[in-house]
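Chains as they are written, first to last, in numbering that gives the first Met the number 0: chain Z, 0 to 292; chain G, 0 to 315.
What follows is a short report on a single structure.
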Amino acid sequence: MRRFAYYPGCIAEFSSKELDATTKHLAPMLDIELLPMPAATCCGAGDIAEAKPNLYLTLNVRILSQAEEMGVDILTICNVCTLNLRRANKMVKEDARLLESVNEELVKVGARPYEGTIDVTHLLWYISTEEGLALLEKQGPKGLNGLRVAPYYGCQLLRPSSVMGFEDPDKPQSLERLITALGGEVADYEAKSSCCGFPIILAREQVALKESHNALSQSRDAGADVMVTPCPLCHLAMDAYQRKAEAANATEYNMPVLHLPQLIGLALGIDNKIMDFKRHLVPMDRVLEAVGA
Amino acid sequence: MAKTTFDIFRYQPDVSDAHYRQSYDLEHEGDFTILDAILRLQDEQDGTLAVRYSCRSAICGSCACKANGKTVLACMSQVEDVKKEFGTETVQVDPIGNFAPLKDLIVDMDPFWQKFKSVKPYLIPDGPAPEKERIVSKEDMQKLFRESACILCAACYSECNSLAADPEFVGPAAFAWGYRFAGDVRDGQRKQRAKLYTGEHGVWDCTRCMYCNERCPKGVNPRDAIEKLGGIAFQEGRSMKDAGARHAKAFLISMRTGGKLNETVLVPFTDPVKAHFDIPFALQMIRHGKAPSPIPHRIQKLKEVQKLMKNVKETI
C-alpha cells in the first residue's frame, strides 16, 4: 500500500465533489492510502501567483512541508494544483537561499520549515505507469467495451515540461495507455493538449469559450463517445460551460466529459451512485449504455 | 550522410492565392540545421523558396518556424534531432502560427511589432538626468535577467492559446519586455505601465497555457513575466480595476477568510453584473449540485496563513 498526502484541491472538494468521492472510493483498489491534509490551503490556482508571487511561494511551501511532516509524497487530482505545488517545490529545491528565506517566514508564524524532500505527483502519473496499469489489471476490469474515448490533457499537467517532466508535452501518451488498458478505443485529435480557457472563463468568457471549442469540436469530429480529463478545471470548462460554448460557437458538441477516476471507475464497474454523474451538466446516458453500466 | 524529406508549406502570392505543400529530398551531413536545409534547397533545388533569416546563430530571432508542428528557431534545430524526436524520416516545415503568411515561411510580423511598441519597450526615467550614470545593483539586474534575453523571435506567439482566441491579446514577448522595464529600478513609469498593461487584451487575458515558457528558445519564461506584471499591478493599486484582477483578489480574500477558494466570493466579485444577469446558468449549476456552499470553508491553523499574508513582502 502506497501512502500519499492527499491534496484534492478546492474544485474537487466543492464544485466537483464527484471527483473527490470517486478518487477516495478507488484509492484502496489502486493500492493507495490517502492521508488527509486538514491544514493545507488552496494552491492559489495561478491567481495568487499573479497577484502576490512571494505569497504564492510561501503558501505552497507550507503545504509541501505539511506532507514532509507526514513523511509522504503528495498526490493530486488537478492539473493546476500539480503545477503550482511542483513549481514551488522546484524553486526552493534549486535555490537554498530562497528556501531559507521562505522558511524564515514559515517559522515566524509557527509553521514547520521545509527541508525539500517531498515529491508531488498526479493520479494519472501514478496509474499510467507499467506498475499502475498492473494494479488495474489485478482488479480484473470488466472494461470499457470499445468505448471511443477522447483524451483531453489540458495544459498544466504537461507544460512547462521543465516543471512537470512526466512525459513529452508534445506527444503525451499516459491517457492513451490508460484508455487502451481499460478496453477503450482512443479517439485521437490535435487539440488534446490545448487550453480549456478556464483560468479566464469568469473574467473573459467569450475568449475562453473560443478556446474550449477547439477540443470539443475536434473530439466530436474524431467520433468520440466521451472525453476524459485529469483536471477538474478543464472538466468545468468542457462540461459545465459546454452549452455556452455551443451557443458562442454556433455548433453542437454533445460531448459527455469524464473525470479521470470516473473512467477507471466505469471500467472497474464501481457503483454509478459513487461517481455521481448527475452532477455533470452534459448527460452521461450514452456512455453508461455503451459500457453496460 | 543522412537523407531527409522536407515537406514544406508553400505560398507564392505572385503566382496564386493557394497554400500548398511541396516535398524535397536532400542528402546532408549529420550536423545540419533546419535553416541549413532550407538554404541548401533554395540554392540547389528551388530558388523560389522564401525564408527570413539573418545571423544563423540563434541571436537575431528571424528564423522561427514550426518543425513537425513544434515552434523552433530553424538555425538552432538539428534535422536529425527532429527526426529522432518524432520518429519520422520526413520533417514538416511550416511558418509560425498566429500570423498571416506573406510568402512561404515568411509571415507578416507587423502586428507583433505594433504590440511590442505598445508596451513602451524602453526606459523612461523620472526627473532630471543625474550627473553621473545611474548605478544598478547586481541584485536588481538579476531580477530582469531572463526577460533581458528575449530576441523577439515570436516563437512564444506561435502557439499562444490566448492569441489564437483573441488576436488583439498583447502577448508574451511584448509583456516580457514590459516587465523588463517596469521592473527596472531606473524606470519612473511603474504606475503608468501597470495601467497600460492591464486593460482589455492585457495581462489578465493570459489563459496560462504555458506554451510560451515551453517554446521560448532563450529561457525567457514570458508567462512568469506576465505573472510579475500582475504583481506590479496589484502593488500599484489596480486590484479592483478589471475582472481579471478581481478574480485574483477573490482568491486572496478566500485565502484570508478560510484558506480555501470560496466560490461564493469568486463569481460575484469577479463580475458582479454578469453574476446578476446570468441566472439561467446559475440555476443549471445549482440543479447539478455545483452551487457554492453558503458555509465558508475553514482550514485548520488558518492563523498561520493570515499571519503569512500580513508578513510576506513582495519583491518584484
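For each residue, glycine too, the CB sits at the ideal point set by N, CA and C.
Since we're looking at a predicted model, the values are computed, not measured.
If you look at MET254(G), you'll find it in the alpha helix (DSSP H) that goes 242–256. The Cβ atoms of GLU32(Z) and MET69(Z) do not sit closer than 8 Å to each other.
The way I'd put it, the stretch 129–141 of chain Z doesn't touch the stretch 188–196 of chain G; fewer than three beta-carbon pairs between them come closer than 8 Å. Under the 10 Å beta carbon count, ASN310(G) is surrounded by fewer than 16 other beta carbons and is classified as exposed. A check of alpha carbon separations from TYR252(Z) across ILE73(Z), ASP224(Z) and SER100(Z) identifies ASP224(Z) as the nearest. Taking 4 residues as the minimum length, the alpha helix (DSSP H) runs contained wholly in the stretch 143–195 of chain Z are 173–180, in order along the chain. For ALA242(G), the residues of chain Z that pass the 8 Å Cβ criterion are LEU201, ALA202 and ARG203, in the order they occur in the chain. DSSP lists no beta-bridge partner residue for THR128(Z). The Cβ atoms of ALA50(Z) and LYS119(G) lie no closer than 8 Å to each other.
If one requires a minimum length of 4 residues, the alpha helix (DSSP H) runs lying completely within the stretch 112–170 of chain G are 137–141, 154–157 and 160–164, in chain order. Beta-carbon to beta-carbon, SER14(Z) and LYS69(G) are separated by about 34 Å, too far to satisfy the 8 Å threshold. Cα atoms of PRO260(Z) and PRO124(G): separation of roughly 55 Å, rounded to the nearest angstrom.
If you keep only unbroken alpha helix (DSSP H) runs of at least 4 residues inside the stretch 71–118 of chain G, you get 78–85 and 109–117.
In the three-state reduction of the DSSP assignment, ARG96(Z) falls in the helix class, which pools H, G and I.
Residues of chain Z with a Cβ closer than 8 Å to the Cβ of LYS227(G) are, in chain order, PRO52. For ALA63(G), there is no enclosing alpha helix (DSSP H); the enclosing beta strand (DSSP E) covers residues 63–66.
In this structure, MET237(Z) lies away from TYR152(Z), with their beta-carbon atoms at least 8 Å apart. Closest by C-alpha distance to THR40(Z), out of ASP284(Z), LYS209(Z) and ILE10(Z), is ILE10(Z).
In this structure, the straight-line span from the alpha carbon of ALA180(Z) to that of PRO140(Z) is close to 9 Å.
Chain order gives the chain G residues near LEU58(Z) as MET254, VAL304 and LEU307, where near means a beta carbon separation below 8 Å.
Following the DSSP letters along the chain, one finds GLU226(G) in no beta strand (DSSP E) but inside the alpha helix (DSSP H) bounded by residues 221–234. Pairing VAL184(G) with VAL135(G), the inter-Cα distance amounts to about 7 Å.
Of all alpha-carbon atoms in PHE250(G), SER161(G), LYS217(G) and GLU213(G), the one lying nearest the alpha-carbon of LYS209(Z) is that of SER161(G). Contact annotation: ALA202(Z) and ASP270(G) have beta-carbon atoms nearer than 8 Å. Remark: fewer than three beta-carbon pairs, one from each stretch, lie closer than 8 Å, so the stretch 83–94 of chain Z and the stretch 16–27 of chain Z are not flagged as touching.
For the stretch 100–111 of chain Z, the beta-carbon criterion of a distance under 7 Å to any beta-carbon of chain G is satisfied by GLU104, LYS107, VAL108, GLY109 and ALA110.
Listed along chain G is no residue with a C-beta nearer than 7 Å to that of ARG176(Z); the closest approach is about 17 Å.
Rounded to the nearest angstrom, the gap between the Cα atoms of ALA153(G) and TYR52(G) is 13 Å.
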